[in-house]
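Asks: Handing you a structure now.
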Amino acid sequence: MANSAQLIIVASDGTLNADVENGVQSPDDWQPLPGALEAVARLNQAGWRVVVVTNQPGLGRGLFGVDTLHAIHTRMHRLVGEAGGRIEAVFFCPHSPTEACNCRKPRPGLALGVAERYGIPLQGVPMVGDSLEDIQAAVAAGCTPHLVLSGMAGSGAAPGGVLPAGWPEGVAVHRDLAAFADVLLAATPPPAAVS
Ligand SMILES: [Mg+2]
Ligand SMILES: [Zn+2]
Numbered sequence: 018m019a020n021s022a023q024l025i026i027v028a029s030d031g032t033l034n035a036d037v038e039n040g041v042q043s044p045d046d047w048q049p050l051p052g053a054l055e056a057v058a059r060l061n062q063a064g065w066r067v068v069v070v071t072n073q074p075g076l077g078r079g080l081f082g083v084d085t086l087h088a089i090h091t092r093m094h095r096l097v098g099e100a101g102g103r104i105e106a107v108f109f110c111p112h113s114p115t116e117a118c119n120c121r122k123p124r125p126g127l128a129l130g131v132a133e134r135y136g137i138p139l140q141g142v143p144m145v146g147d148s149l150e151d152i153q154a155a156v157a158a159g160c161t162p163h164l165v166l167s168g169m170a171g172s173g174a175a176p177g178g179v180l181p182a183g184w185p186e187g188v189a190v191h192r193d194l195a196a197f198a199d200v201l202l203a204a205t206p207p208p209a210a211v212s
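In the working numbering, the protein residues as written are 18 to 212.
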């Protein structure tokens, strides 16, 4: 049984790893952002469990196959592990934008899948991403939205920390995942141990 306070949902490109033109399509394209892997490890050490939610339209478009995506994620897990952290699970949308699925962010399906897998409500669960779509998905799923400015999508979104009109209310803005972790670890007592 998990407690909702123990989970953090994190987006990938632009949040955990660096954005690349046309998206990550091979393991070598997956390069961690500065401090991001250490941020996962620090959160883990304080009792937080980290899961990843990611749109992978390259699958739906036939740019690469599931075997390649697994190789990319194997590299991610290895690098996070070398930093002393752990990503528990990766939830991905394999559809192209034209398929009108319920899992492609800004829709809430990936986060709702996390809720179902762990048997928890999403209220109060932090969801961290670098794009408006990530934030919209977080809000739609009932998570607490956190924007990081470390990706292409969000880098210019919040000059001075203020989001433009049209963004949801109540979005916390951080420089990057390391800064998010700093704030969360300073503000929140460690969650209770998993029973
Ligand atoms: Mg992104
Ligand atoms: Zn989908």
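Beta carbons: idealized from backbone N, C-alpha and C, even for Gly.
Treat the numbers as computed from the prediction; the structure is a model and nothing was measured.
(1) Judging by CA-CA distance, which residue of Ala100, Gly98 and Arg124 is the nearest neighbour of Phe109?
(2) Does DSSP put Ser212 in a helix, a strand or coil?
(3) Does DSSP classify Val156 as helix, strand or coil?
(4) Give me the residue from Pro162, Met93 and Ala155 with the minimum Cα distance to Pro57.
(5) Please list, following the chain, all residues that have a C-beta closer than 5 Å to any non-hydrogen atom of ligand 2.
(6) Does at least one heavy atom of ligand 1 sit under 8 Å from the Cβ of Gly173?
(7) May I ask you to report which of helix, strand or coil DSSP gives Phe197?
(8) How would you label Ile152, buried or exposed, when you count the other beta carbons within 10 angstroms and need 16 or more for buried?
(9) Quick one: is Thr32 buried, meaning 16 or more other Cβ sit within 10 Å of its Cβ, or exposed?
Replies: Let's see:
(1) Arg124
(2) The pLDDT assigned to Ser212 is 43, lower than 50, so where the model puts this residue is not dependable; a value taken from the coordinates is nonetheless given after this. It is coil, neither helix nor strand.
(3) helix
(4) According to the sequence displayed, residue 57 carries Val and not Pro. If we check each option's Cα against that of Val57, Met93 comes out closest.
(5) Cys110, His112, Cys118, Cys120 and Arg121
(6) no
(7) helix
(8) buried
(9) buried
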